[in-house]
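Colleague: Protein chains in written order, with the UniProt record's numbering: chain A, 1 to 198; chain B, 1 to 70; chain C, 1 to 333. Glycine included, C-beta positions come from ideal geometry on N, C-alpha and C. The structure that follows is given in the form of C-alpha cells.
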C-alpha cells in the first residue's frame, strides 16, 4: 500500500491559494473553517516563501495519541482520519497538532465548540465510501474514486504534491537536482521524522 | 443533610446558568473569521451539520449531488 | 607599516565576505533564488516555532509548524498516566496502610459526651458541599481525560464511552463555575481562622494526634486542617485560572501557553485529588465524630474539647446566646 504524504515545494508556491479554494469547494467546507491554508514566511522581505499547509497525516500522529476518546484511525494508505461520532470536541488534538490542522465550528469557548474537522486527504471518514452521510460529515472521497487530493491536483505550479511518500520525494529530488536548489520538504521532519536528502 | 441537598441543587443551577452564559459567549467560526467586508448569508452546514455539532440525525434533505444537478 | 596592515585587513575582510555576496548558481547558470530564502532549519534556530502571515482572518492559523505539540503529547501520553496513577493509587494505598496500622481514631468519651456544639453553620456547610460535590464530578471527569480510554473504553465500547465522555466534558466545563464560587466562599468564610501560627508548629511537632496519642491543642482549625484549607484555596484558584485559560482558547495565551496550562492543570489536578482523598478519609472513616461537623454541623462537645480545645474555650467564653446547645435540645436545623 502507498504511504500518502503531502509535500509543498516552497520554491514553487506562488501563494495563489488555489489549493485552499479547491479544498473549500470540493468538500463544501463551511465559512470560517480552513482545512488547508497558505502561510507566508518573511512576508514582503527578500527570501519570502509561502507554504501550503494542512493536516500532514503524520507518522505516529500526535492527535491520535492524545485523543481522550481514541476517535482517530489510520487507513491502509496511512491517512489519519477521525470519527465525528466519537469526537467530543475537547481540543486536545489542536494542542498536539504541530500544523494547526484541527478546526472547530465554534471558537468562542471550549464548552460546546462542536466536532473537530480537519483535512481527510480527500478520503472521507469511517462511513461507507461515497455515501451521503460520509459527504455530509467528512466531505468527498476522491481516494475511493482513485483520485488524489484536489488541492494538489489543482496546484497551478505543481508546488503542492500529494501521493505516495517515496514517489513525491523522488519527484522533488529530481526537481532539486535539475534546477540546483530547494528549500526542503517543509514539515516533513516534524510530521514523518525524516527529510529528503539530496 | 439539608445543606448538602441545597448545595447540590445550587451547583446544578449555577452550572446550568454557566452553560447558558458560555453558549451566549460562543461564536461560530463564520462570525469569528469573517471580515467586515464579508457578507455571510449562508455559512454552509456541510461537515459540521445543521446544528453545528457534527452529528447529523435527520436524513439529508438534498444531497450535494442533487443540488449540483438542479 | 600601518598601511600595509590595514590593506591586509581589508583584503582578509573581502575574502571572507566574498562567498556570501557572490550568487550561487544553478547548473544551467540561472541564479539560485533560495540562496537568500528562508528555510525550515534557519527559522527553527530563530524561534521554536515557525510563524508567518496568513490572508484569512483566523490569525492563529498563521502558525505554520509548532513541534511543541510533540512534546506536549509526550507528557500527556507517557508521563501523565503514570503520575496520575501513582498520585491517586499511592494515596489510596497510604490511607489503607494508615487505616490498618493506626485504625480509626475513636471518640474519647467524657462527662460532656452527648452535648453538642455548633461547629459549622448552614452557610458554611452549604459552601463546603457545593465545592465538594462539584469537586467529585470534576475529578472523575478530569481523570476520564487521562484514564477513560485506557480503563473504561475497553469495558463499555467506544460509542457508549464517547457519549459518556461528552457529558463528562460538559460537566467539567459547567461545574467548574460553582466550584470556583465555592472556593471563593470558603476563602472568605474561613481565612480568618486559617492564619498559620506558633500553635500549628507545636501541633505538627507532636504529630497532630495522628501519629501518637497526644492531643496537641488547636484553635478552630488545627495545622492539618489549615493545610487542607490552603491546599483547596491555592490549588482551587490555580485550577480555576489554568482552566479558564483553556476554556477560552487564545483569549489570554497562545497555543504553547495552553499546552503549559494543560500540563499545570493536570499535574495540580492529580495532586489535588490525592490531597482531597486524605481529607475525605480523615473526615469520615478515619476519625469518629469528625463527620458531624459537616453533616449536621454540630459536633460532640467531648470531641471538640479534645481536638479543638482553644476554639471551644473561645466559644464558651461568648455569651449564653452563643452557638452552644444544651443536652437533648433539638438543633435548629
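(1) What does a CB cutoff of less than 7 Å around residue 270 of chain C pick up in its chain, not counting 5 residues either side in sequence?
(2) Could you name the residues of the same chain whose beta carbon sits closer than 8 Å to that of residue 208 of chain C, not counting the 5 residues immediately before and after it, in chain order?
(3) Using only CA atoms, which one of C:116, C:157, C:226 and C:142 lies nearest to residue 238 of chain A?
(4) Residue 113 of chain C and residue 300 of chain C look like a contact to me (Cβ under 8 Å); what is the Cβ gap, rounded to whole Å?
(5) For residue 103 of chain A, count the other beta carbons within 10 Å of its own beta carbon; 16 or more makes it buried, fewer makes it exposed. Which is it?
(6) Give the list of continuous alpha helix (DSSP H) stretches no shorter than 4 residues that lie fully inside the stretch 113–145 of chain A.
(7) Note down, in chain order, each residue of its chain lying with its Cβ closer than 7 Å to the Cβ of residue 279 of chain C, except the 5 sequence neighbours on either side.
(8) Ignore the nearest five residues each way along the sequence and tell me which others in residue 177 of chain A's own chain have a CB closer than 8 Å to its CB.
(9) Just grab the DSSP bridge partners of residue 63 of chain C for me.
(10) Quick one: is residue 80 of chain C buried, meaning 16 or more other Cβ sit within 10 Å of its Cβ, or exposed?
(11) From C:39, C:49, C:95 and C:54, pick the residue whose C-alpha is nearest to that of residue 15 of chain A; which is it?
(12) Three or more beta-carbon pairs under 8 Å between the stretch 156–164 of chain C and the stretch 186–206 of chain C, yes or no?
(13) Specify, as a first and last residue, the run of the beta strand (DSSP E) that residue 50 of chain A falls within.
(14) Residues of the stretch 27–40 of chain B with a CB closer than 9 Å to any CB of chain A: list them in chain order, please.
(15) Using DSSP with H/G/I as helix, E/B as strand and the rest coil, what is residue 174 of chain A?
(16) Using the three-state DSSP reduction, which class does residue 206 of chain C fall into: helix, strand or coil?
(17) DSSP state of residue 41 of chain A, grouped into three classes?
(18) So, at 8 Å on beta carbons, what are the nonlocal neighbours of residue 20 of chain A in its own chain, with the 5 sequence-adjacent residues on each side left out?
(19) Taking 8 Å as the CB-CB cut-off, is residue 23 of chain B touching chain A?
(20) Suppose you measure from the CA of residue 193 of chain C to the CA of residue 131 of chain C; what does that come to, to the nearest Å?
(21) Would you decide whether residue 42 of chain C is buried or exposed? Buried here means 16 or more other CB atoms lie within 10 Å of its CB.
(22) I need the straight-line Cα distance from residue 184 of chain A to residue 172 of chain A, nearest angstrom please.
(23) Quick one: which unbroken alpha helix (DSSP H) runs of 4-plus residues sit fully inside the stretch 137–212 of chain C? Chain order, please.
(24) Secondary structure at residue 111 of chain A, three-state DSSP: helix, strand or coil?
(25) Does any residue of chain B have a CB that is nearer than 8 Å to the CB of residue 192 of chain A?
(26) At a Cβ threshold of 8 Å, is residue 147 of chain A touching chain B?
(27) Could you check which residue in C:197, C:281 and C:181 has the C-alpha nearest to that of residue 14 of chain B?
(28) Name the one or two DSSP bridge partners that residue 250 of chain C has.
(29) Using a Cβ-Cβ distance cut-off of 8 Å, determine whether residue 47 of chain B contacts chain C.
(30) For a cutoff of 8 Å on Cβ pairs, would you count residue 174 of chain C as touching chain A?
(31) Quick one: is residue 88 of chain A near chain B, going by C-beta distance under 8 Å?
(32) Could you tell me whether the Cβ of residue 130 of chain C comes closer than 8 Å to any Cβ of chain B?
Modeller: The structure says:
(1) Once the five neighbours on either side are set aside, the close Cβ partners of residue 270 of chain C are 83, 84, 87 and 88.
(2) Answer for residue 208 of chain C: 216, 222, 223 and 224, listed in chain order.
(3) Because chain A here runs from 1 to 198, residue 238 of chain A falls outside it and cannot be looked at.
(4) Under the criterion of beta carbons closer than 8 Å, residue 113 of chain C and residue 300 of chain C qualify as touching, at roughly 6 Å.
(5) Result: buried.
(6) Those alpha helix (DSSP H) runs which fall completely within the stretch 113–145 of chain A and span 4+ residues are 132–138.
(7) Hits under 7 Å: 228.
(8) Hits under 8 Å: 198.
(9) Residue 63 of chain C pairs with C:51.
(10) Counting C-beta atoms within 10 angstroms of its own C-beta, residue 80 of chain C has 16 or more neighbours from the protein chains shown and is therefore classed as buried.
(11) Distance from the Cα of residue 15 of chain A is smallest, within the candidate group C:39, C:49, C:95 and C:54, for C:54.
(12) As far as the Cβ criterion goes, the stretch 156–164 of chain C does not touch the stretch 186–206 of chain C, which means the pair count is below three.
(13) DSSP places residue 50 of chain A inside the beta strand (DSSP E), whose first and last residues are 49–53.
(14) The stretch 27–40 of chain B vs chain A, Cβ under 9 Å: 27, 28, 29, 30, 31, 32, 33, 34, 38 and 40.
(15) Helix at residue 174 of chain A.
(16) It is coil, neither helix nor strand.
(17) When secondary structure is reduced to three states using DSSP, residue 41 of chain A falls in the strand class.
(18) Result list for residue 20 of chain A: 34, 36, 37, 38, 52 and 151, in chain order.
(19) Yes, because at least one Cβ of chain A sits closer than 8 Å to the Cβ of residue 23 of chain B.
(20) The straight-line gap separating the alpha-carbon atoms of residue 193 of chain C and residue 131 of chain C is approximately 19 Å.
(21) Burial call: exposed.
(22) Each residue's Cα considered, the two are about 9 Å apart.
(23) Within the stretch 137–212 of chain C, complete alpha helix (DSSP H) segments of at least 4 residues are found at 153–156, 158–190 and 198–205, given in chain order.
(24) It is coil, neither helix nor strand.
(25) Interface annotation, residue 192 of chain A: not in contact with chain B, CB-CB separation never under 8 Å.
(26) Not an interface residue.
(27) Shortest Cα-Cα distance from residue 14 of chain B to any of C:197, C:281 and C:181 involves C:181.
(28) Paired residues: none, contrary to the question.
(29) It does not; no Cβ of chain C falls within 8 Å.
(30) Flagged as an interface residue toward chain A: residue 174 of chain C, by a C-beta distance shorter than 8 Å.
(31) Output row for residue 88 of chain A: interface = no.
(32) Proximity of residue 130 of chain C to chain B, defined by a Cβ-Cβ separation below 8 Å, is satisfied.
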